[in-house]
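The numbering of the first sequence is the numbering used here, which starts it at 2 and goes up by one.
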Amino acid sequence: MKRTEIKTLLQSTGYGKEVNVKGWVRTKRGSKHVAFIALNDGSTIKNIQIVAEINPETEKTLDKIHTGAALSVDGLVIESPGSGQKVELQAKNIDILGPANPDEYPLQPKKHSLEFLREKAHLRFRTNTFSAITRVRHAMIFAVHNYFNDHGFYNIHTPIITGSDAEGAGEMYQVTTLDLSNVPKNENGEVDFSKDFFGKATNLTVSGQLEAELAALALSKVYTFGPTFRAENSNTSRHLAEFWMIEPEMAFYDIRDDMDLAEDMLKYLIRYALDNCMDDLEFLSKRLLDEEKNKKAEERSMELVEKLRFVLDQDFERITYTRAIDILRNSKPNKKKKFRFVIEGWGADLQSEHERYLVEKYFKKPVIITDYPKDIKAFYMKQNEDGKTVRAMDVLFPQIGEIIGGSQREDDYDKLYNRIKEMNIPEESMWWYLETRKFGSVPHSGFGLGFERMMLFMTGMGNIRDVIPFPRTPLNCEF
RNA sequence: UCCUCCUUAGCUCAGUUGGUUAGAGCACCUGACUGUUAAUCAGGGUGUCCUAGGUUCAAGUCCUAGAGGAGGAGCCA
2 MKRTEIKTLL QSTGYGKEVN VKGWVRTKRG SKHVAFIALN DGSTIKNIQI VAEINPETEK
62 TLDKIHTGAA LSVDGLVIES PGSGQKVELQ AKNIDILGPA NPDEYPLQPK KHSLEFLREK
122 AHLRFRTNTF SAITRVRHAM IFAVHNYFND HGFYNIHTPI ITGSDAEGAG EMYQVTTLDL
182 SNVPKNENGE VDFSKDFFGK ATNLTVSGQL EAELAALALS KVYTFGPTFR AENSNTSRHL
242 AEFWMIEPEM AFYDIRDDMD LAEDMLKYLI RYALDNCMDD LEFLSKRLLD EEKNKKAEER
302 SMELVEKLRF VLDQDFERIT YTRAIDILRN SKPNKKKKFR FVIEGWGADL QSEHERYLVE
362 KYFKKPVIIT DYPKDIKAFY MKQNEDGKTV RAMDVLFPQI GEIIGGSQRE DDYDKLYNRI
422 KEMNIPEESM WWYLETRKFG SVPHSGFGLG FERMMLFMTG MGNIRDVIPF PRTPLNCEF
């Protein structure tokens, strides 16, 4: 018999029909004459209830069924007399495809800590929380491509191994085929990378932006959505060593167009989740309420679905860095020196406590900050006429902080060249980037959206290690 | 990398000012129950108290070092 997915089965009213389902046991319970098995196949967060009569014939099989076992069940679809579900399956035959020894199987039908499940990442897909996150993650991946496709963007695969060491986004992982126990050296005693696979030093990419710009200056609107690697020793709930980043890059867009796109895209993704993932969002919402039930009312987060709808309905607040500094300088926590870093004046970098104040206390909605001092931002950002600021924009979300960082790019050859010199970036590694400003240069803009940070927002999870299947962080590369 | 906290049964956790044989719930096994909803009820055994030193008559508890984890900070997405 052909397998019916549980998602399909639960929506059917074909009572009396015989079907086959396959899946993994979540719980088994029952009394003397009847056993109830909650079976899940990942097609939905919901389980199908298998009802099995206990008699001398079935007892042997039923005794071997525990949480975690894989079953194939043939049975009749019936209307459930119980109160927890509409449809259930009256078992006619149960095959154990793969047993799970209850003495060894670590997952139980109870609450496990997220830390414990992180150590069991090979099995945590089998929990409600992670199967929900995985389905939402898929929906978001799909929605990203959908959005850009519908808006006339082309997807670009930018390189994962890069020979440029000037991308200006933090520490990089070296990629080499050299024998590390016998590294070739040149006359000066330095590593001789000419003997390496590419004949030069290479790294894993920290951003696809520079290459995406090259494509945008021909195809007008492009985006990348690929893995990104940062060798920073960051130990926080918002950082991964390997993560996925979405980087659109648009010719003929100025900073305002860039912000419009960022806001529209984020709202599209939220709407897509609300339209397509409601079962999972409702589960994740309950999970969050439960997790925070011991917190004081003022420390609890907004209910998940309500929060998503709220952000969807708000225009993001757009302010300049200069205005942000004014607000912060006159704020209570600054005057009372409650900030760890008190804002003294213009030019200071905004710390996460300042961003959180602006987003969570002052405006109480997402905020886009623009026109930062050029000294605290990257070399490729478009310089403003004031000579002090650049057309950068950061989108700040409650709890997560910076979810998007972007800018209009410097399209003037001389200004870009001078900035590269000023910041001591090796000019010879940037010749191809500079050349695009020499031939048919146009205003263009782009941004980077951290996919897992968006997943944090979308699922209400608190730790970025729980929204990616196999997190890579300092000292953790298991699985 | 810095600051703070944590590490006790398979899991979640309690363990008082250092003092007999280290506890509970869940899971597991046995039994009861005509349909349960993380079923319920009764019974059963379960420990490298993270590791290595140290203080002490006596250490799960105190001290030192190390390992791992969490939260916050920096870096950023």
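Note that the Cβ used here is the ideal one computed from N, Cα and C, for glycine as well.
Beta-carbon separation (whole angstroms), residue i vs residue j, contact threshold 8 angstroms
{"i": "THR45", "j": "ASP316", "result": "Their Cβ separation, rounded to whole angstroms, is 35 angstroms, which puts THR45 and ASP316 out of contact at 8 angstroms."}
{"i": "GLY69", "j": "LEU108", "result": "6 angstroms"}
{"i": "VAL312", "j": "ILE271", "result": "6 angstroms"}
{"i": "LEU262", "j": "TYR155", "result": "That pair is no contact at about 15 angstroms."}
{"i": "ARG253", "j": "VAL145", "result": "Per the sequence shown, the amino acid found at residue 253 is Phe instead of Arg. That belief does not hold up - the Cβ atoms of PHE253 and VAL145 are roughly 22 angstroms apart, past 8 angstroms."}
{"i": "ALA298", "j": "GLU248", "result": "The Cβ separation is near 39 angstroms, so there is no contact."}
{"i": "SER446", "j": "ARG410", "result": "6 angstroms"}
{"i": "GLU453", "j": "LEU241", "result": "6 angstroms"}
{"i": "ASP1", "j": "LYS186", "result": "Nothing about residue 1 can be read from this structure; the chain reaches only from 2 to 480."}
{"i": "LEU397", "j": "TYR358", "result": "Contact doesn't hold; Cβ gap of about 10 angstroms is too wide."}
Nonlocal neighbours in the same chain, by C-beta distance under 6 angstroms from residue i, ignoring five residues either side
{"i": "GLY164", "result": "LYS201, THR203"}
{"i": "GLU264", "result": "PHE317"}
{"i": "TYR434", "result": "LEU211"}
{"i": "GLY402", "result": "SER353, GLU356"}
{"i": "THR321", "result": "THR371, ASP372"}
{"i": "PHE149", "result": "TYR224"}
{"i": "PRO160", "result": "none"}
{"i": "LYS121", "result": "PRO107"}
Euclidean distance between Cα positions of residue i and residue j
{"i": "THR135", "j": "GLY76", "result": "29 angstroms"}
{"i": "PHE230", "j": "PHE244", "result": "7 angstroms"}
{"i": "GLU354", "j": "PHE199", "result": "44 angstroms"}
{"i": "ALA523", "j": "CYS278", "result": "Residue 523 is absent from the model: the chain starts at 2 and stops at 480."}
{"i": "THR390", "j": "THR323", "result": "10 angstroms"}
{"i": "MET2", "j": "HIS67", "result": "24 angstroms"}
{"i": "ILE531", "j": "LYS61", "result": "Absent from the structure is residue 531, since the part of the chain shown begins at 2 and ends at 480."}
{"i": "LEU267", "j": "LEU289", "result": "22 angstroms"}
{"i": "LEU282", "j": "MET456", "result": "12 angstroms"}
{"i": "PRO427", "j": "HIS113", "result": "50 angstroms"}
{"i": "LYS222", "j": "GLY451", "result": "19 angstroms"}
{"i": "THR177", "j": "ASN183", "result": "13 angstroms"}
{"i": "LYS337", "j": "MET260", "result": "34 angstroms"}
{"i": "GLN12", "j": "VAL26", "result": "20 angstroms"}
{"i": "GLU479", "j": "ALA140", "result": "26 angstroms"}
{"i": "VAL137", "j": "ILE369", "result": "26 angstroms"}
{"i": "HIS123", "j": "GLY43", "result": "15 angstroms"}
{"i": "ARG301", "j": "PHE364", "result": "18 angstroms"}
{"i": "PRO1", "j": "VAL78", "result": "One cannot answer for residue 1 here, as it falls past the ends of the chain, which runs 2 to 480."}
{"i": "GLY17", "j": "VAL74", "result": "15 angstroms"}
{"i": "GLY407", "j": "SER195", "result": "35 angstroms"}
Where the beta strand (DSSP E) through residue i begins and ends
{"i": "ASP372", "result": "368-374"}
{"i": "PHE131", "result": "Not the beta strand (DSSP E): PHE131 falls in the alpha helix (DSSP H), residues 129-151."}
{"i": "THR321", "result": "318-321"}
{"i": "ASP75", "result": "71-80"}
{"i": "PHE226", "result": "222-230"}
{"i": "ASP96", "result": "88-99"}
{"i": "ILE51", "result": "49-54"}
{"i": "ASP395", "result": "390-398"}
{"i": "MET431", "result": "Counting along the chain, MET431 falls outside any beta strand (DSSP E), and DSSP gives it neither H nor E."}
{"i": "PRO249", "result": "243-252"}
{"i": "LEU450", "result": "445-451"}
{"i": "SER408", "result": "402-409"}
{"i": "VAL360", "result": "VAL360 -> no beta strand (DSSP E), and no H or E assigned at all."}
{"i": "GLU345", "result": "Segment: none, GLU345 is in no beta strand (DSSP E) and carries neither H nor E."}
{"i": "LEU108", "result": "Unbroken run through LEU108: none, as it is neither H nor E."}
{"i": "GLU37", "result": "Before going on, a small fix: residue 37 reads as Phe here, not Glu. That run of the beta strand (DSSP E) goes 35-41."}
{"i": "ARG438", "result": "No beta strand (DSSP E) holds ARG438; DSSP gives it neither H nor E."}
{"i": "GLU521", "result": "No statement about residue 521 is possible, as the shown extent of the chain runs from 2 to 480 and does not include it."}
Contact set for residue i: own chain, Cβ-Cβ below 7 angstroms, skip 5 residues either direction
{"i": "LEU285", "result": "ALA133, LEU305, THR460, GLY461"}
{"i": "LYS65", "result": "ILE97, PRO100"}
{"i": "GLU361", "result": "PRO399"}
{"i": "THR5", "result": "VAL20, ASN21, VAL22"}
{"i": "ASP255", "result": "GLN409, PRO444, SER446"}
Range covered by the alpha helix (DSSP H) that runs through residue i
{"i": "ASP64", "result": "57-64"}
{"i": "GLN12", "result": "7-12"}
{"i": "THR178", "result": "No alpha helix (DSSP H) holds THR178; DSSP gives it neither H nor E."}
{"i": "ARG272", "result": "256-277"}
{"i": "PHE117", "result": "115-120"}
{"i": "LYS336", "result": "333-336"}
Spatial neighbours of residue i in its chain, beta-carbon cut-off 8 angstroms, leaving aside the 5 residues before and after
{"i": "ARG341", "result": "GLN352, GLU354"}
{"i": "ALA442", "result": "Residue identity check: residue 442 is Ser in the sequence provided, not Ala. Only LEU218, ASP412, ASP413, TYR414 meet the Cβ criterion."}
{"i": "LYS33", "result": "ILE55"}
>> Count Cβ pairs between the region 368-384 and the region 234-248 that sit closer than 8 angstroms; are there 3 or more?
In response: Here the region 368-384 does not lie against the region 234-248, with fewer than 3 beta-carbon pairs under 8 angstroms apart.
> Per the contact definition of three or more C-beta pairs closer than 8 angstroms, is the region 86-93 in contact with the region 49-56?
Replying inline: Proximity of the region 49-56 to the region 86-93 meets the contact definition, three or more beta-carbon pairs being nearer than 8 angstroms.
> Below 8 angstroms, can you find three or more Cβ-Cβ pairs linking the region 470-478 to the region 287-295?
Replying inline: Verdict: no, contact absent.
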